[in-house]
Structure formats: C-alpha cells, structure tokens
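Per our numbering, the sequence shown runs over residues 39 to 794.
Ideal Cβ positions, reconstructed from N, Cα and C, are used throughout, including at glycine.
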Amino acid sequence: MEKKFQTIEHEKPWRYVTEDGLTVTRGSAWSGPGCHLGCGILLYTDENGKLVKIEGDPENPFNKGRLCVRCLDAMEAVYHKDRLTTPMKRDPKDRGKDVWTPITWDEAYDLIYEKFNGFREKYGAESVAFFQGTGRDIAPWITRFAWSFGSPNNVFGMSGNSCYGPRVAGAMCVTGSFWVGDYSQQFVDRYDDPNWKVPEVIVVWGNNPLKSNSDGLYGHWVVDCMKRGSKIITIDPQRIWLANKAEVHLPIRPGTDAAMAMAMLNVIINEDLYDHEFVDAWTYGFEELSAHVQEWTPEKAEEVTWVPADKIRQAARIIAAADGCVFQWGVAVDMQKNAVAAGHAITCIQAITGNVDNPGGMICPDYILMYFSGWGRELLDPEKRKNRIGDSKFPMVADAYSKADADEVYSAIMTGKNEKGEDHPMKGAWIQTTNFLVNTAPDPEYLIEAFHKLEFVAAIDLFMTPTIMELADVVLPAASFPERQGIRIGDGVQRAETINRAVDRRNEGIDVRSDMQVNRELGKRFNPEAYPWDNEEDMFSSIFAETGMRFEEVREQAPVYLPFEYHKYKTGKLRPDGQVGFNTRTGRIELWCTLYNGYGLDPLPVYEEPTHSPYRTPEEYEQFPVVLTTGSRNWSLFHSEHRQIPRMRALHPDPTVLVPTDIAEKFDLADGEWVVLRNQFGSCKRKVVIDQTMAPGIASTDHGWWFPESEGRSEEDGLFGALEYNCNTLFQFDQGKAGFGCDYKNMLVTIDKVEE
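Right under this line is the structure:
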C-alpha cells in the first residue's frame, strides 16, 4: 500500500541566495560530525563555495531552529587540517605504524576487491566481517554492502550488542513493535496538533536526554513538555538537571533497573492502580506477573537499588495515576548483563498502566525503512545466513537482530572457529563508522591481538582514528554531512528528510566520498545486480518508491511526514495479517513472553545481581570499593568523535571522573587532580571532578577517549593515548545469556593517585 507523505510549506526553496550573496542549502545533519539526531539545518556558503556558517532551520518542526554546538561548529571539522582527504594504504606488517602511502580511489577499490573477493572464493563470503558503529544514516548501506557481498557477518562491535539493541529486540519479542515517547514529533504542526496530548508524566530512566538526544529524541522536547505541564521522574545515580525539576528522583545503583521496575509493578498491582480494561483485553500473563512480583516489595528493592522504599512507592503511584506517561529510557538499561529482563520489566509497567499506542504515552511510528533491521536482507543466500556467527548460541539474537554476535565474531577471528567449535576461518574485515578499539569494545589489547591475525582490513572514516592506525591496511576518506547527499529516515521519527551537499572540494584536489557512495561503488563490483543505480540519488529514490516521490521531490519539501494514528492495535494496523491486537503469538502484549520461553529464557522479568558488585562479589568490593558507571555524556563530544575539534575539545578538554564527596574523602581526592581508575582487568587515567550530584558510593566517567594531538603509536602515548585513557579496559567481553547486554555501566574499581 502506498504511503503518502504530509508536507509543510516552505517560504523558500531548498537552496537559495541571500541578499549578501551567500548560498543557503537546507538539509539535515544525521551523520559525522554530529550526533544521533539529524536536526534541520541551514548551510551558508560564500561565492567560493566555502562553508562559512551553520544555523538551525526555524521552519523544521523537529528542532524549530535550535542547534547544539556540534552542528554550529561543524566548519572546524570540515576544514580541519587532519581530515583524511585521499585513500591510503600500507603493508599489513606495518600495522600500528604511521607509514601510509597515498593511492587513488580506483587503486583502493581494486585492492579491496582483489583481497575480499579472494577470501570469498577461497574461504567463503562469511570469512569477511563488516563492522559498523552508531547507526545514523549509514547503517542500512553497510548491511546491504555486507549481505550483497554474501557475508551474514555484519557486526556492531560491542559486547552483547549493548546499545539500543536489547531494548528494541526485547520490545519486539514482548509487544511485536518498538515504542518511543510521544512528544508530538509525528505531527507536522507538533504541539498544536489536536490529536496530541501532553504527557502528564515523563519518566527519564537511565539517560540524560538534554545531552544524549538518542533514539530520534530531541532532548529539549522534554523541556517543551514540562512547560506545557508534564511532571518529571528521574531514575539515575546522578542528580541531573532534570532531577532538580522532578516530582521524585530515584538515585539508583547501576545495574539494578529490573529490581526497581519489579518493585514498581508490585506497588501498582497490589494497590490496584493498574489499567484493568487494557490489561484484561490486551495483555497475556498478568496473573503470572502479579504472583511473580510479590516478593519484590519496595523494601526489598531498597536493599538492592539503594533507593528508599518510600520514593519507589511515590514514583509508582505517580506513574499509575498519570493520564499519559512517557518512559524515556536510555542505554543504561541496555548496558548490563540483565538487559533483556530489565527492559521486559519496564515494558510491563508501560503495558499494565495502558501507556501503549496512546496520546501522551508510548507510540509506534511508521517507517519508510527501519534501519535497525537493515536493508537488502533478500540479497543474502539463506544458506549463507545459516553461517552467521553466534546464531546457534543465541536464538533471540538470531531472530530479533540484524547482526552477528560481536563477542563470538571476535572469538572466531582469534581462534578460527565458530561458537559450535566448527572451523570458520576469518580473513578480512571492513570497518565503517566505528572506532571500536576506543569506543565500544572491552579489552582493547585482546582485539588488537585478534585483528592482527586477519590478512586484510579496510576502513573508512573522516579522521585517522586509533582503530584505523592500529588495525587497517587501507583507509578511505569519508565525506562529512555538508559534503554529501543522504536521507534521514527511521529511528522512530515518523519523518523523512534529505542530507544535501553544500560543499564540493574537488576543485581543491580533495575527493572525499559519502559512505553510501563508497558502499554503492564497491558493492557494484562485488554484486552488480544488487546496485542497479547509477548514482546515490536514484538509490535513495528507490527507498522512497512506496511514497510515490523521488529524492529530488522529497528534498524540495523536506521534512515530510507519514500519516499517523493512535490505537492502531484496535484497527489491525500493528499486525501484517490485519487482525486487531499486537504482532505477537498471542496477539497481546506478553507479560509472560512466549518467545522468551521458547528461547530458554525466563518468560517473566527477573533480577540478577551484576557480575561484579558489592553483594555478589563482596571480596572484590573490599579491594575495589567504588561502583563505577561509564559512558556519561557531555555537551560537545559524541562518543569518540570531535576530540580534534578545538572548540568542542575546549568545552570538555580532558577525560573526567565524577565522584561524590564520600568517595573524595575516602581517597583524599581534590578537584582537578589526576587519578587512575583500576581493577583486576585494567586501568585508565582520569581527572577528578568532585560532584555532589552523584549518589554516595557511585562514580561516573565518560568514554571514547583518545588524544589526536599525540604522535600515533608509541610506548609513551599508547596509540594516541587510547589505551592509557580507555575506560573499556576496566571490563571484559561478558554478555548476558540472551546474547544481549554487558556490564558496561556497573563495575567495581579503586582509585589511585597519579604521581606528578
């Protein structure tokens, strides 16, 4: 069925010239250097085609002209002296050494084709793994590239796929869909749309949306809703700014989210606060859930979560009484071995309070392309699909996720065997949009050892990164968002936009290419039938085909919106068979999950103490008496990006650890001094910030640190400082039993002072 876009009226075309002679290009910024969002932007170029200014697009309903520093200062990234501007190669024996030789694009493509095709012919296409990082507008092109090559091993290089994946896959198993908060983002007229209702309550659970802006959420929508009456509940070991405006703040111990959620279920059920009508008509397993959570009184949860029982009761009652409640949950739910169960418990709260597919609650937007599922799955031979690494060990990952299991892929590279003990030689790797050695993967020394066993590694990025310097043999220069075409779709935003090229530097001898151009051009060499398009615009138009519009038409009118309606489960629009209900085996939201039961997982949410914790490993806690959560976001940096951008770095120049006063006193710490965070697995250096917003006994540190100003790989700086300052050295590959989740945000450490 054709999907018709709703459009907005623009005062000016997508490209126009101002009175002072500047050319303005309207578009989106959903790729590096940037963040998760894809805000509407105006790019100003002078008579020489140089980018001179970036502003937010006031006509774009998504961000309404507002921009953060990452976009406003993109010029420093576009014209940075250290940008990769030409393909380069080196001999594999020189990995880790800065001894690159410039080559042409054709030479680079020829070399990559020769190596990868050789592996495909001799060992099978599955001997090459395709690694990607944060999705944004690049994820679908990588999956198509991998699957059209014939490899099922498209990989997100994080233990337990611990970012977004557990929540999405878990929600799909329990409800048949994935859900996002209703901030009116699906309507052209936003907050003025008569069908929308402001959420009465927003539960900010395990994220700081004003800084992280994840999952298609523009963080300041939360503030917009607060101005319209929304009440806030925050669940976080840090008292973030929103917590100061909250009805109740729950300073949770990291990794105990399932216990918190089950205590809330206990209160809502036992005090008869749940939505009887919705539970009776649209859920499965309520009686089993009710009996299951009886042991999880708020008093028991207090012992586990370190949150007072009366605060847990207060929060549960506010949620249950709300006429529309959004659960703005973040990666803290994903980054624990118990991720699937924690997400299940939170989903159960949403369900029994009726906050599903309702105005001001949790909604299921429509998609042109659900990039989480990839693009081009039909290109992969079913027999090749059976060889995806990790599937036999983790059936939930096999069914609900588009990627091979990262932990098992790394093991296969190291050992030459898959999870079944069968021979599975790994010979090559493609690395795109990811700096996993610094950003996502535990135990970087293990990865270095593994990747050095590969015969050939190719990579593409904006800058030379530690991952490329240490692991790659060929590197291709990627285009930034002002330098290329693209489309912004998916991610729960209900809209489509175009990324429009405003800068072309080929007249300067700089030929950088977009990720999707590279994927199309290389992919066409490996499988011409999978890439019938002569250019990227035609490829994008094929994705828009079901709307009846081409890329050029969408560009002129963007952003464009798909029609939206609430309560789709009542009209059969959540199920492919057109029947009412949810797209699950029972047609209901499965509080007792039949799929989990079939996978050998607990069909009801359960709590498991983190592997390393004050209670599970008390002897470790004596030696390492600080609970550490990692990955805290800041205003200017995005994961491992922007470290070389002067203004972005000036806003956050050093890796920091936030410590509460009790920890500062215990270790005699002072603001600004350098320390080493250490445990049995590794160590990393940090600068102390004594922060009274942190809960007692819990410290927090940021991630993705490296120092581009260092001189590459040496004993002194340890690969741009990446190994010396990498908090991921503090934990190992140790995923949950579902194949999802790893304890990135709950680890035990001690703190040593650094001698001058």
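Query	Result
Ignoring anything shorter than 4 residues, give me the alpha helix (DSSP H) runs that lie fully in the segment 442–481, in order along the chain.	444–453
Could you check which residue in Gly-362, Gly-87, Met-373, Leu-311 has the C-alpha nearest to that of Gln-352?	Leu-311
Give a yes or no on whether the minimum CB-CB distance between Ala-737 and chain B is below 8 angstroms.	The question asks about chain B, but that chain is absent: this structure has only one protein chain.
Along the chain, where does the alpha helix (DSSP H) that runs through Ala-209 open and close?	203–213
Asn-304 and Val-331 - do their beta-carbons sit closer together than 8 angstroms?	yes
Consult DSSP for Asn-282 and reduce its assignment to one of helix, strand or coil.	helix
Under a three-way DSSP split, which group does Glu-93 fall into?	strand
State the start and end residues of the unbroken beta strand (DSSP E) segment that holds Ser-250.	From DSSP, Ser-250 is part of no beta strand (DSSP E) but of the alpha helix (DSSP H) over 247–250.
Within 10 Å of its beta-carbon, does Arg-544 have 16 or more other beta-carbons around it, so buried, or fewer, so exposed?	exposed
For Asp-318 and Ala-389, what's the separation of their Cα atoms in angstroms?	11 angstroms
Within 10 angstroms of the Cβ of Leu-199, are there 16 or more other Cβ atoms? Answer buried if so, exposed if not.	Sequence check: residue 199 is Asn here, not Leu. Answer is buried; the Cβ neighbour count reaches 16.
Using only the alpha-carbon positions, how far apart do Ser-165 and Ala-488 sit?	14 angstroms
Do Leu-81 and Ala-540 come within 8 angstroms of each other at the CB atom, strictly closer than that value?	yes
Within the continuous alpha helix (DSSP H) that includes Phe-324, where are the two ends?	324–330
Does DSSP put Cys-77 in a helix, in a strand, or in coil?	coil
Identify the continuous alpha helix (DSSP H) that holds Ala-568 and give its terminal residues.	Looking at the DSSP string, Ala-568 is not in any alpha helix (DSSP H), and its letter there is neither H nor E.
Quick one: Cα of Ile-350 to Cα of Gly-254, how far?	29 angstroms
Look at the Cβ atom of Ala-510, then the Cβ atom of Leu-500, and state whether they are nearer than 8 angstroms.	no
Compute the beta-carbon to beta-carbon distance between Lys-19 and Trp-673, rounded to the nearest angstrom, for a pair I have assumed lies under 8 angstroms.	Outside the modelled stretch of the chain, which goes from 39 to 794, sits residue 19, for which no answer is possible.
On the criterion of 16 or more Cβ atoms from any shown chain inside 10 Å, does Met-39 qualify as buried, or is it exposed?	Only weak support is given to the placement of Met-39: the predicted model assigns it a pLDDT of 47, under 50, and the value that follows is read from those uncertain coordinates. Exposed is the call here.
Is Arg-158 helix, strand or coil by DSSP?	helix
Residue range of the beta strand (DSSP E) that Pro-515 falls in?	512–515
Using the three-state DSSP reduction, which class does Val-226 fall into: helix, strand or coil?	coil
If you follow the alpha helix (DSSP H) that Trp-185 is part of, which residue opens it and which one closes it?	177–187
In this structure, does DSSP put Ala-776 in helix, strand or coil?	coil
Pull up the CB-CB distance for Val-695 and Arg-724, whole angstroms please, since I reckon it's below 8 angstroms.	4 angstroms
If we count Cβ pairs, one from each stretch, closer than 8 angstroms, do we get three or more for the segment 706–720 versus the segment 674–684?	no
Just tell me which of Val-342, Lys-50, Glu-57, Gly-59 has its CA closest to the CA of Gly-65.	Lys-50
With H, G and I counted as helix, E and B as strand and the rest as coil, what does DSSP make of Gly-381?	helix
Mapping the DSSP letters down to three states, classify Thr-505 as helix, strand or coil.	helix
Do Pro-397 and Gly-362 have their C-beta atoms closer together than 8 angstroms?	yes
Measuring CB to CB, does Arg-526 end up less than 8 angstroms from Ser-552?	no
At the level of alpha carbons, what is the spacing between Leu-633 and Ser-215?	14 angstroms
Locate the beta strand (DSSP E) running through Asn-98, then write down its first and last residues.	Element bounds for Asn-98: n/a, residue is neither H nor E.
By DSSP, does His-287 sit in helix, in strand, or in coil?	strand
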